[in-house]
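The listed protein sequences correspond, in order, to chains A and B. Take the first sequence: its position 351, counting from 1, is numbered 350 in numbering that gives the first Met the number 0, and each next residue is one higher. Take the second sequence: its position 320, counting from 1, is numbered 319 in numbering that gives the first Met the number 0, and each next residue is one higher. All residues carry an ideal CB built from backbone N, CA and C; glycine is no exception. All figures in this text were calculated on a predicted structure; none of them were measured in a lab. Structure first, then comments.
Number of protein chains: 2
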Amino acid sequence: MRRVTIHDVAEAAGVSLATVDRVMNGRPGVRKTTIEKVRQAAETLNYTPDVFAAGLAKKRLYRFHFLIPDGPNAFMEDLSREARSHAVTMSGARMHVHVEPIDAFDGHRVAGTLAMLDRSACDGVAVVAPAFPEVRAAIDRLQARGVPVVTLVSDHPASTRQHFVGIDNIAAGRTAGRLMGRFLPKAPATIGLIAGSLGLRDHSDRYAGCREVVERDFPHLKLLKVREGRDDNARNADLVKKMLAEHPDLAGFYNIGAGSRGMIAALQASGRSGDIVCIGHELTPHTREALMSDVLDAVIAQDPGHEIRSAIRVLKALCDGVPIIEGQERIRIDVFLKDNLPDISELPDLPG
Amino acid sequence: MRRVTIHDVAEAAGVSLATVDRVMNGRPGVRKTTIEKVRQAAETLNYTPDVFAAGLAKKRLYRFHFLIPDGPNAFMEDLSREARSHAVTMSGARMHVHVEPIDAFDGHRVAGTLAMLDRSACDGVAVVAPAFPEVRAAIDRLQARGVPVVTLVSDHPASTRQHFVGIDNIAAGRTAGRLMGRFLPKAPATIGLIAGSLGLRDHSDRYAGCREVVERDFPHLKLLKVREGRDDNARNADLVKKMLAEHPDLAGFYNIGAGSRGMIAALQASGRSGDIVCIGHELTPHTREALMSDVLDAVIAQDPGHEIRSAIRVLKALCDGVPIIEGQERIRIDVFLKDNLPDISELPDLPG
DNA sequence: CTGAAAGCGCTTACAG
DNA sequence: CTGAAAGCGCTTACAG
């Protein structure tokens with residue numbers, strides 16, 4: 000069972016290799032009748048182009064830049080570790096992944112970093128996009144220059160980015176809200192909310208989702224005003240401590256953003272964690288341990304490895320102008336209880 | 000920034016292309032000192048072999064057989080649809096995926112189908128393995144003949160299969176058990192359990208997991224004896240009807256296997272669905288609708304598209320003797336509430 | 001609008 | 001133990 004090659008099609012259609020290539024790749028300058036002949040022959044022979052031969056012949060390189068926040072955030076560290084790890088894996092497939100740390104709270108510098116990129120240096124960009132207007136402008140400019148941009152983890156839907164690699168944060172918030180409502184008894188109670196900043200799109204989306212579900216389906220629960228802790232563990236610990244003191248009837252906590260470690264520590268110190276339903280985001284060593292010890296009741300998460308692989312595949316597809324497999328690029332809203340934690344997988348190998 | 004090629008390494012090491020190839024691919028017949036020279040040169044130049052060139056030059060074909068149950072089971076239908084869809088996608092990468100329907104309840108015929116396969120016809124097998132000893136023997140025989148086998152969805156851990164593509168069903172059962180316990184009030188109550196058959200490994204694993212959690216953490220809940228409905232909607236509906244009649248205090252149902260449609264219909268007909276926490280497996284049009292209408296409270300699921308892609312990647316890696324990316328091949332235990340349902344994605348395109 | 005020929009970077013016999 | 005050369009199945013200028 001030999002493979003059907005472009006030679007076979009050329010022969011069957013009575014044309015040259017170059018013409019078959021033009022037709023198969025939709026290149027211009029072929030007569031309609033010729034196109035039809037080639038199409039027919041390809042169909043009859045059930046021809047599928049060999050991706051290896053094609054990849055070798057067009058000596059294209061793909062240079063992708065990944066802009067990922069640094070700083071002491073376990074999830075972002077995972078994300079950038081995955082990116083660096085896949086840079087190694089992918090280089091044999093002619094894809095060069097460059098990871099550039101950014102400061103997600105400094106919109107001007109992020110925009111500046113984006114502004115330095117253009118087609119001569121870069122074939123695609125994935126960016127964890129903070130919600131500043133100057134960031135949006137920079138994304139739009141890159142797109143206009145012909146560099147495809149995807150947003151990663153935090154979206155900028157008003158921009159012209161081609162695709163968002165991340166979870167539906169409204170749905171994630173709804174999920175947290177329902178788990179909170181169902182885990183608590185059907186009785187009036189007060190819920191504390193912490194976010195990094197409602198200026199971050201993913202945080203505000205989660206809040207909106209949670210609120211929607213609680214107000215509609217669990218009206219006996221009272222959501223306190225969201226306190227913003229900038230994803231900082233110390234600040235979050237402080238906030239939790241204060242809220243516990245102010246609200247002796249506090250029955251639940253939802254940490255919308257990062258810095259769960261601070262919330263966990265404060266709860267444990269209070270001695271009240273057994274009476275409080277507590278939900279956070281992202282699977283890290285700290286949230287994992289808190290689930291195991293029943294301090295956290297559920298963790299809503301997204302898989303950084305999947306997100307990096309997806310971003311790479313999507314950027315390549317955009318460069319090539321080919322479609323993606325939708326289902327493969329949908330990032331799941333993972334729900335972790337203490338019962339379905341994945342085995343601690345080894346961190347991806349990094350050289351050096 | 001030209002790519003570093005095997006030529007560059009050969010020149011730097013002062014050897015021929017063939018020798019570099021031998022070293023890079025660990026082929027025998029090279030002097031230690033030569034190996035070292037080549038290693039050095041490759042390292043210094045930061046050489047990564049081009050997968051396209053390699054793929055083209057070794058004109059290997061991969062013929063994979065997927066043995067998937069047919070019959071009226073929405074999940075298995077999805078699984079086999081995904082397999083047929085990826086057969087098209089992958090054929091350009093020299094992988095031929097052949098889908099063979101099997102009868103999961105007929106161990107002898109499954110074993111017979113496996114017995115027909117050998118290296119001359121097939122380079123790898125993925126099988127939804129029913130727990131019959133003759134199936135295990137057939138798997139072991141295939142492996143012994145040098146055909147790598149992976150189990151899909153339902154494992155046969157005692158066999159020599161190289162890998163299991165599926166979820167940890169004990170953990171899935173634990174998750175169902177905890178959701179049941181937490182969604183119900185902390186009061187004595189009775190839970191009904193339905194399985195397809197406890198002879199199916201995935202079903203018995205889920206039962207064990209659920210039982211473990213309920214007995215330890217929710218001892219006020221009483222689990223009824225598991226009723227087996229053979230994953231049949233009509234039988235399951237009957238079972239649910241009977242259990243509802245026999246147990247007026249029934250507060251929960253866990254359908255461990257397929258045929259959720261029958262359970263859903265019987266619950267709705269009884270008019271008691273509002274008072275009963277109900278958990279099932281797999282996301283199908285029926286379970287999705289039941290979640291939306293609050294008949295089902297949670298669905299534990301696995302992603303058939305991911306499982307097919309994973310099986311293909313793993314089989315290829317086994318053929319090539321290269322490692323896999325662990326994180327990419329871990330199949331998640333998806334937890335769906337009405338709040339985090341994925342958009343209805345179009346079914347994968349199939350030709351014809 | 002179409003074709004002949006070189007070349008992409010590996011692997012594979014074959015020869016020594 | 002090592003090397004020279006052909007070939008894998010496409011794409012890419014270039015010529016007509």
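Q: Alpha carbon to alpha carbon, how far is Ala110(B) from Leu66(B)? Give it in angstroms, no decimals.
A: Taking the straight line joining both Cα atoms gives about 11 Å.
Q.
Need the endpoints of the beta strand (DSSP E) that Phe335(B) sits in, please.
A. Looking at the DSSP string, the run of the beta strand (DSSP E) that includes Phe335(B) is Asp333 to Phe335.
Q. Does the distance from the C-beta atom of Arg226(A) to that of Gly172(A) stay below 7 Å?
A. Going by C-beta atoms, Arg226(A) is not nearer than 7 Å to Gly172(A).
**Q.** Rounded C-alpha distance that separates Leu317(B) from Glu245(A)
**A.** Looking at the two C-alpha atoms, the distance is approximately 59 Å.
Q) Quick one, which residues of the stretch 11–40 of chain B are near chain A if we go by CB-CB under 9 Å, in chain order? A) Flagged: no residues at all.
Q | Alpha-carbon spacing of Pro218(A) relative to Gly304(B), whole angstroms | A | Looking at the two C-alpha atoms, the distance is approximately 38 Å.
Q) Which chain B residues sit within Cβ distance under 9 Å of Val212(A)? A) Listed along chain B, the residues sitting closer than 9 Å to Val212(A) by beta-carbon distance are Asp338.
**Q.** Whole-angstrom distance between Gly228(B) and Asp237(B), CA atom to CA atom
**A.** Distance between the alpha carbons of Asp237(B) and Gly228(B): 9 Å.
(Q) Please state the DSSP three-state secondary structure of Pro48(A). (A) Pro48(A): coil per DSSP, three-state reduction.
Q | Limits of the beta strand (DSSP E) - the one that Ala194(A) falls within | A | Run containing Ala194(A): Ala188 to Ala194, per the beta strand (DSSP E) assignment.
Q: Can you tell me which of Thr112(A), Ile311(A), Leu249(A) and Asn24(A) puts its alpha carbon nearest to the alpha carbon of Pro48(A)?
A: For the set Thr112(A), Ile311(A), Leu249(A) and Asn24(A), the Cα lying nearest the Cα of Pro48(A) is the one of Asn24(A).
**Q.** Neighbourhood of Asp7(A) by C-beta distance below 6 Å, restricted to the same chain and skipping five residues each side
**A.** Close CB contacts of Asp7(A) within its chain, under the 6 Å cut and outside five residues either way in sequence, are with Leu44 (chain order).
Q. So, does the CB of Phe104(A) fall closer than 7 Å to a CB anywhere in chain B?
A. So no, Phe104(A) is outside the interface.
Q) Taking the runs of the beta strand (DSSP E) that are 3 residues or longer, which of them lie wholly in the stretch 1–87 of chain B? A) Listed in chain order, the complete beta strand (DSSP E) runs (minimum 3 residues) inside the stretch 1–87 of chain B are 61–68.
Q | Cys277(A) - containing beta strand (DSSP E), residue span | A | For Cys277(A), the enclosing beta strand (DSSP E) stretches over residues Val276 to His280.
Q: May I have a chain-ordered list of the beta strand (DSSP E) segments no shorter than 3 residues that lie completely inside the stretch 101–180 of chain B?
A: Counting only runs of 3 or more, we get 123–126, 148–151 and 162–164.
Q. Is the shortest distance between the beta-carbon of Thr47(B) and the beta-carbons of chain A less than 7 Å?
A. Interface residue (Cβ-Cβ distance to chain A less than 7 Å): Thr47(B) is classified as such.
Q. Can you tell me whether Thr32(A) is buried or exposed, with buried defined as 16 or more other CB within 10 angstroms of its CB?
A. With fewer than 16 other CB atoms across the displayed protein chains lying within 10 angstroms of its CB, Thr32(A) is exposed.
(Q) So, with DSSP's three-state summary, where would you put Val96(A)? (A) In this structure, Val96(A) counts as strand in the three-state DSSP scheme.
Q: Please name the residue, chosen from Asn232(A), Asp248(A) and Ile190(A), that lies closest to Lys224(A) on a Cα-to-Cα basis.
A: Scanning Asn232(A), Asp248(A) and Ile190(A) for the CA closest to the CA of Lys224(A) turns up Ile190(A).
Q.
Within 7 Å of any Cβ in chain B, is that where the Cβ of Arg329(A) sits?
A. Taking 7 Å as the threshold, the shortest C-beta distance from Arg329(A) to chain B falls below it.
**Q.** Contact set between Ala52(A) and chain B, taken where Cβ atoms lie within less than 7 Å
**A.** Close to Ala52(A), with beta-carbon spacing below 7 Å, are these residues of chain B in chain order: Leu55.
Q: Use the C-beta contact count for Leu60(B): other C-beta atoms within 10 angstroms, 16 or more gives buried, fewer gives exposed.
A: Exposed is the call here.
Q.
Could you give the first and the last residue of the continuous beta strand (DSSP E) run that contains Asn254(A)?
A. For Asn254(A), the enclosing beta strand (DSSP E) starts and ends at Leu249 to Asn254.
Q.
Taking the alpha-carbon of Val134(A) as reference, which of Gln142(A), Gly261(A), Gly106(A) and Lys58(A) has the nearest alpha-carbon?
A. Selection Gln142(A), Gly261(A), Gly106(A) and Lys58(A) evaluated against Val134(A) yields Gly106(A) as nearest (Cα-Cα).
Q. Cα separation between Arg62(A) and Gly13(B)?
A. Cα to Cα, Arg62(A) sits roughly 31 Å from Gly13(B).
Q.
Residues of chain B with CB closer than 9 Å to the CB of Ala9(A), please, in chain order.
A. Correct list: empty, because the minimum Cβ distance to chain B is about 18 Å.
Q: Pair every Cβ in the stretch 313–331 of chain B with every Cβ in the stretch 263–271 of chain B, then say whether three or more of these pairs are closer than 8 Å.
A: Segment contact: the stretch 313–331 of chain B against the stretch 263–271 of chain B, fewer than three CB-CB distances shorter than 8 Å; contact not assigned.
Q. Over what stretch of residues does the alpha helix (DSSP H) that includes Ile330(A) continue unbroken?
A. From DSSP, Ile330(A) is part of no alpha helix (DSSP H); its letter is neither H nor E.
Q) Can you find at least 3 beta carbon pairs, one from the stretch 273–287 of chain A and one from the stretch 249–256 of chain A, that sit closer than 8 Å? A) A contact exists between the stretch 273–287 of chain A and the stretch 249–256 of chain A.
Q) Should Leu16(A) go down as buried or exposed, given a rule of 16 or more other Cβ atoms within 10 Å for buried? A) By the 10 Å Cβ count, Leu16(A) comes out exposed.
(Q) So the candidates are Ala120(A), Val146(A) and Met291(A); which of them puts its Cα closest to the Cα of Phe335(A)? (A) Met291(A) is the residue among Ala120(A), Val146(A) and Met291(A) whose C-alpha sits nearest the C-alpha of Phe335(A).
Q: Can you grab the Cα-Cα spacing for the pair Gly123(B) / Met94(B), in whole Å?
A: Answer to the nearest angstrom: the Cα atoms are 11 Å apart.
Q) Taking all protein chains shown into account, do 16 or more other C-beta atoms lie within 10 angstroms of the C-beta of Gly351(B), making it buried, or fewer, making it exposed? A) For Gly351(B), the predicted structure reports a pLDDT of 41, less than 50, and the residue's modelled location is therefore unreliable. A value from the coordinates is still provided. It is exposed - the Cβ of Gly351(B) has fewer than 16 other Cβ atoms within 10 Å.
(Q) Using only the alpha-carbon positions, how far apart do Asp139(A) and Arg200(A) sit? (A) If you take the alpha carbons of Asp139(A) and Arg200(A), they lie about 18 Å apart.
Q | Ala300(A): first and last residue of the uninterrupted beta strand (DSSP E) it sits in | A | Run containing Ala300(A): Ala297 to Ala300, per the beta strand (DSSP E) assignment.
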